[in-house]
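One structure is given here, and the rest of the page talks about it.
Protein chains: 2
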Amino acid sequence: VLARLAELLGPAKVSFASAERIAYSQDRFPLSLLWTRAGEVPYAPDAVCWPERIDDVRAVLALAAREGFPVVPYGGGSGVCGGTVPVRGGVVLDLKRMNRLLAVRDEALLCEVEAGALGQHLEEALNRRGYTSGHFPSSMYCSTVGGWLAARSAGQASTRYGKIEDLCAGLEIVLPGGEVAILKPVPRSAAGPDWRQLLIGSEGTLGVVTRAWLRIAPLPEARRFLSFRFPSVPSGLQAIRKVLRRGLRPAVVRLYDPLDTLVGVSGGLKGGGVLEAAKVELIERAKLEVLAHPEWAAIAGRFSSGCHSVFVCEGDRELSALEARAIEDAALAAGAEPRGEAPAEHWFRHRYDISYKGAPLFREGAFVDTMEVAAPWDRIETLYERVRAALAARAFTLAHFSHAYLDGCSIYFTFAALCPSERETRERYLECWRAGMEATLDAGGTISHHHGIGLLKADFMRREIGPFLDVFCALKRAIDPRGVLNPGKMGLP
Amino acid sequence: VLARLAELLGPAKVSFASAERIAYSQDRFPLSLLWTRAGEVPYAPDAVCWPERIDDVRAVLALAAREGFPVVPYGGGSGVCGGTVPVRGGVVLDLKRMNRLLAVRDEALLCEVEAGALGQHLEEALNRRGYTSGHFPSSMYCSTVGGWLAARSAGQASTRYGKIEDLCAGLEIVLPGGEVAILKPVPRSAAGPDWRQLLIGSEGTLGVVTRAWLRIAPLPEARRFLSFRFPSVPSGLQAIRKVLRRGLRPAVVRLYDPLDTLVGVSGGLKGGGVLEAAKVELIERAKLEVLAHPEWAAIAGRFSSGCHSVFVCEGDRELSALEARAIEDAALAAGAEPRGEAPAEHWFRHRYDISYKGAPLFREGAFVDTMEVAAPWDRIETLYERVRAALAARAFTLAHFSHAYLDGCSIYFTFAALCPSERETRERYLECWRAGMEATLDAGGTISHHHGIGLLKADFMRREIGPFLDVFCALKRAIDPRGVLNPGKMGLP
Chain A
46 VLARLAELLG PAKVSFASAE RIAYSQDRFP LSLLWTRAGE VPYAPDAVCW
96 PERIDDVRAV LALAAREGFP VVPYGGGSGV CGGTVPVRGG VVLDLKRMNR
146 LLAVRDEALL CEVEAGALGQ HLEEALNRRG YTSGHFPSSM YCSTVGGWLA
196 ARSAGQASTR YGKIEDLCAG LEIVLPGGEV AILKPVPRSA AGPDWRQLLI
246 GSEGTLGVVT RAWLRIAPLP EARRFLSFRF PSVPSGLQAI RKVLRRGLRP
296 AVVRLYDPLD TLVGVSGGLK GGGVLEAAKV ELIERAKLEV LAHPEWAAIA
346 GRFSSGCHSV FVCEGDRELS ALEARAIEDA ALAAGAEPRG EAPAEHWFRH
396 RYDISYKGAP LFREGAFVDT MEVAAPWDRI ETLYERVRAA LAARAFTLAH
446 FSHAYLDGCS IYFTFAALCP SERETRERYL ECWRAGMEAT LDAGGTISHH
496 HGIGLLKADF MRREIGPFLD VFCALKRAID PRGVLNPGKM GLP
Chain C
46 VLARLAELLG PAKVSFASAE RIAYSQDRFP LSLLWTRAGE VPYAPDAVCW
96 PERIDDVRAV LALAAREGFP VVPYGGGSGV CGGTVPVRGG VVLDLKRMNR
146 LLAVRDEALL CEVEAGALGQ HLEEALNRRG YTSGHFPSSM YCSTVGGWLA
196 ARSAGQASTR YGKIEDLCAG LEIVLPGGEV AILKPVPRSA AGPDWRQLLI
246 GSEGTLGVVT RAWLRIAPLP EARRFLSFRF PSVPSGLQAI RKVLRRGLRP
296 AVVRLYDPLD TLVGVSGGLK GGGVLEAAKV ELIERAKLEV LAHPEWAAIA
346 GRFSSGCHSV FVCEGDRELS ALEARAIEDA ALAAGAEPRG EAPAEHWFRH
396 RYDISYKGAP LFREGAFVDT MEVAAPWDRI ETLYERVRAA LAARAFTLAH
446 FSHAYLDGCS IYFTFAALCP SERETRERYL ECWRAGMEAT LDAGGTISHH
496 HGIGLLKADF MRREIGPFLD VFCALKRAID PRGVLNPGKM GLP
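These protein sequence lines map, in sequence, to chains A and C.
Using this note's numbering, count along the first sequence one by one with no gaps and you end on 538.
Using this note's numbering, count along the second sequence one by one with no gaps and you end on 538.
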């Protein structure tokens, strides 16, 4: 059946070669890195396709609906939850050749872009026209617009610009049978449910996004950097809330917990700045000792000197000046010590480094992963304490608070461990997730702020959305009766 | 079967009386006012229920699923699209007894409120605690939280606070079979699609919202009023865009077209202010002559002296001062003439009056209605011209631009006509809608910004959302196989 693909699309758009099939057998899901380390390829696609236009996508989906083979939409492959792992084989549909920026609409502050465009390419093209996407995930160099939409991505400046679901004004989608649907870009609508918000975050299970209209912003005319050392997590959170309650939206808001602060500083940064990548380097340099002894973290925490923080305000000159003054006022009122602009500028320059630093640790036999959860402000400290308690005995765990909104924020846990055997490492890895997710749900948080669900968090969807998991399944069955689109993910069959 | 309702709920919560059945046979859908004027009751429920707790709602929905009778969720009855007209009879489920404000969460800026709470009651209760809902539809005194969510309502200050879909952080829903689902309040999530956004705007066809967590804001510490006369619609829109592009979000932004400006002024307002209710009064006073001759509007338009506008900035003192300065700069640069604070303050004091002024016109044999559409900025003037052209020959048509966002805004058309006979009036009414909706779709706009779909706009859903109407139908069939929840609306069976 799959041989028909080459006839349909032409040979340049299809491969059955094993090199390709192995390359597309995983994404940045840490568990799949453990598979690779062990030389295992538990799942692989039967073919990889690179559609170049929407008709190619339609042809593949129509054939799949007729013949019943799985189709896994694929972008940059930077997902960390196994969302693109082809657990039932079939076809991986890599959208990266559909990468054109089709229009920049100056008056409407909209761009129209194909789903396979890489983040950095889109941003550079917009910059040349005097605009910014406002969307800066740390995977910027290796993730696509389609991937952002599939997983409900967040950029580092989400407090100002919003997440991808806030930035998306319209979508073009190929539905499971091959039919094309356009949800045109409009600023707001009351014409029934917002179907965009059903597609966004559906991780390719309900349709293939081929084009998007994204909101853009004029390039900032000013940028202000601030950094403070807060005496504690609660004092830092209090200052952040105070700024947001005034209706101000600084672009970047990051507060590091004591251990994250300590690791950042010990990582070799002059001036007290925090370079996230340094955490991983430090961990490496310490010869992995610390990862084998997560209980040492409690001792290390005692040597920390408070909580580091980084703020970036950008946009209009007057508005960003007002934001910077508000941050300074709130920080000083909360007892923080100013650390100047340098650490924030340093963070800004190195803001994409972290995504490329995980691999050495894996080579050493350890694992490192991140858990990004969110909750309303009045649950956030409980969420922090509970997840930390759940992870602390099992892994070396750092955390920072970021992506702050009026009603709450997210917490980004980085956790790493090294066990005596590969089997134990895998067990520990899954244990961390089980304990962290249960703790999150117990605290009233959401199990993902911006990485999505994929394979990793599928088992926790029932507690997260309750009977809406049945609604999701019913909808999936209704529009994709043979279950061809990305099967086996998110708690769907 | 319906007699079982009284057993299930107790007699105080159910009525089969004809007075009640007639009272709940319509909402503020202008066509239904024409029915009333003619003494017709084309549709009436068989019973009206007033649940007092969620178990009452569950019992009714479980019985309905078993027996197959329609259930129409009902709030304040202020909808203008016939969304609650019980076209297949059955039970009207009035949620207004479930009206408690359950919690105000200071740190998280969230309130937890039952769906039957009236807007004004909620706002007053929040005000006493130092907060505001930020949601001020002109139906404030006669609409409920559940109604807002059902129809994707907008408040007059939506540019600052967002529409109800932006304000809703969580929902409690009773699904068609009677099962309860909670979508907990979280600031943002990547745990799959946003099911809240599927429920919001579904007008009671997919479930009954019984409780909501809404984002709130601290009561504004300052409020600034501004008013200008712009030389034209494009110059006014240009100034508004300029302010928004700076990242500023004044609470209220309203620009009246030349005819709306003229009618507002002629309506007897000293100082050039525009009192919307005056439009209707003027129309009345002109002995309905003008409504019988919509072509006069073109002549009247020539006597207009530009475009009136009203701005309100509120919130933080420094931020609202910056917003006010930005508005003034942009308005003057666009050639506007300042008209001081008074007209904006006047508008603010009378901002809810309009909802209570339509009835006299209906008594005289005419109709008046409003059409609220939206589009990206680079389509907005085309949308304005096309819809105006579509309506102008058929009705006396005014328009203002409001609910401005970074990527576009809405246009609110007010149109009224008087025909020689009742039959012709009804035909004219439906003709206006057909022509206006087609013109909107041709211009790339959305057929509703905040009133919803109901009966009125059901036929235009196919062009609005394309194949997603089939997805909507498939989902509806899957979770409500007997079609009990508000059947016959929105293009659903």
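Backbone N, C-alpha and C define an ideal beta-carbon position, used for all residues, glycine too.
Burial state of residue i (16 or more Cβ within 10 Å)
{"i": "Leu475/C", "result": "exposed"}
{"i": "Ser70/C", "result": "buried"}
{"i": "Asn172/A", "result": "exposed"}
{"i": "Arg468/A", "result": "exposed"}
{"i": "Glu248/C", "result": "buried"}
{"i": "Pro465/C", "result": "exposed"}
{"i": "Ala62/C", "result": "exposed"}
{"i": "Glu359/C", "result": "buried"}
{"i": "Ile498/C", "result": "buried"}
{"i": "Arg117/A", "result": "The sequence shown places Val at residue 117/A, rather than the Arg named in the question. So Val117/A ends up on the buried side."}
{"i": "Arg473/A", "result": "buried"}
{"i": "Arg145/C", "result": "exposed"}
{"i": "Gly180/C", "result": "Per the sequence shown, residue 180/C should be read as His rather than Gly. That one is buried."}
{"i": "Leu377/C", "result": "exposed"}
Euclidean distance between Cα positions of residue i and residue j
{"i": "Leu147/C", "j": "Arg396/C", "result": "28 Å"}
{"i": "Pro96/A", "j": "Pro56/A", "result": "11 Å"}
{"i": "Gly351/C", "j": "Ala381/C", "result": "9 Å"}
{"i": "Lys315/A", "j": "Ala484/A", "result": "Confidence is the limiting factor: at Lys315/A the pLDDT is only 33, short of 50, which leaves the residue's position unreliable, though a coordinate-based value still follows. In a straight line, the C-alpha of Lys315/A is about 36 Å away from that of Ala484/A."}
{"i": "Val245/A", "j": "Gly207/A", "result": "Residue identity check: residue 245/A is Ile in the sequence provided, not Val. One C-alpha to the other measures close to 14 Å."}
{"i": "Gln201/A", "j": "Leu463/C", "result": "57 Å"}
{"i": "Ala488/C", "j": "Val158/A", "result": "21 Å"}
{"i": "Arg142/A", "j": "Arg268/C", "result": "51 Å"}
{"i": "Ser123/A", "j": "Val297/C", "result": "42 Å"}
{"i": "Ala48/A", "j": "Thr129/C", "result": "54 Å"}
{"i": "Phe74/A", "j": "Glu52/C", "result": "56 Å"}
{"i": "Ser213/A", "j": "Glu363/C", "result": "At residue 213/A the sequence reads Cys, which differs from the Ser that was named. So the alpha carbons of these two residues sit roughly 31 Å apart."}
{"i": "Arg527/A", "j": "Ser60/A", "result": "24 Å"}
Contact set for residue i: own chain, Cβ-Cβ below 7 Å, skip 5 residues either direction
{"i": "Ile67/A", "result": "Val86, Ala89"}
{"i": "Asp305/A", "result": "Leu443, Ala444, His445"}
{"i": "Ala389/C", "result": "Phe270, Leu271, Ser272, Val355, Phe356, Val357"}
{"i": "Thr250/C", "result": "Lys521, Leu530, Asn531, Lys534, Met535, Leu537"}
{"i": "Ala417/C", "result": "Inspection of the sequence shows that residue 417/C is occupied by Glu rather than by Ala. Result list for Glu417/C: Ser455, Tyr457, Ser493, His494, His495, His496, in chain order."}
{"i": "Lys58/C", "result": "Cys94, Trp95, Pro96, Glu97, Asp101"}
{"i": "Leu220/C", "result": "Ala226, Gly252, Ile524"}
Supposed close pair residue i, residue j - CB separation, criterion 8 Å
{"i": "Val432/C", "j": "Pro421/A", "result": "Not quite, the Cβ-Cβ distance comes to about 41 Å (not below 8 Å), so this is no contact."}
{"i": "Arg197/C", "j": "His391/C", "result": "So it is not a contact: roughly 29 Å between Cβ atoms."}
{"i": "Ala549/A", "j": "Leu307/A", "result": "Outside the shown range of chain A, which is 46 to 538, sits residue 549/A, and nothing can be said about it."}
{"i": "Ala226/A", "j": "Gly511/C", "result": "5 Å"}
{"i": "Ile99/C", "j": "Thr255/C", "result": "5 Å"}
For residue i, three-class secondary structure by DSSP
{"i": "Pro405/C", "result": "helix"}
{"i": "Tyr88/A", "result": "coil"}
{"i": "Asp487/C", "result": "helix"}
{"i": "His395/C", "result": "coil"}
{"i": "Ala160/A", "result": "coil"}
{"i": "Trp95/A", "result": "coil"}
{"i": "Cys187/A", "result": "coil"}
{"i": "Tyr429/C", "result": "helix"}
Residues of its chain near residue i, where Cβ-Cβ distance is below 8 Å and the 5 sequence neighbours each way are ignored
{"i": "Ala83/C", "result": "Glu467"}
{"i": "Leu54/C", "result": "Cys94, Pro96, Asp101, Ala104, Val105"}
6 Å CB neighbourhood of residue i in its chain, flanking five on each side removed
{"i": "Leu78/A", "result": "Phe407"}
{"i": "Arg507/C", "result": "Leu514"}
{"i": "Gln283/C", "result": "Ala379"}
{"i": "Leu293/A", "result": "Glu368, Ala371"}
{"i": "Ala170/A", "result": "Leu146"}
{"i": "Arg174/C", "result": "Val149"}
Neighbouring residues, chain B, relative to residue i (Cβ below 9 Å)
{"i": "His496/C", "result": "Protein chains A and C are contained in the structure displayed, whereas chain B is not."}
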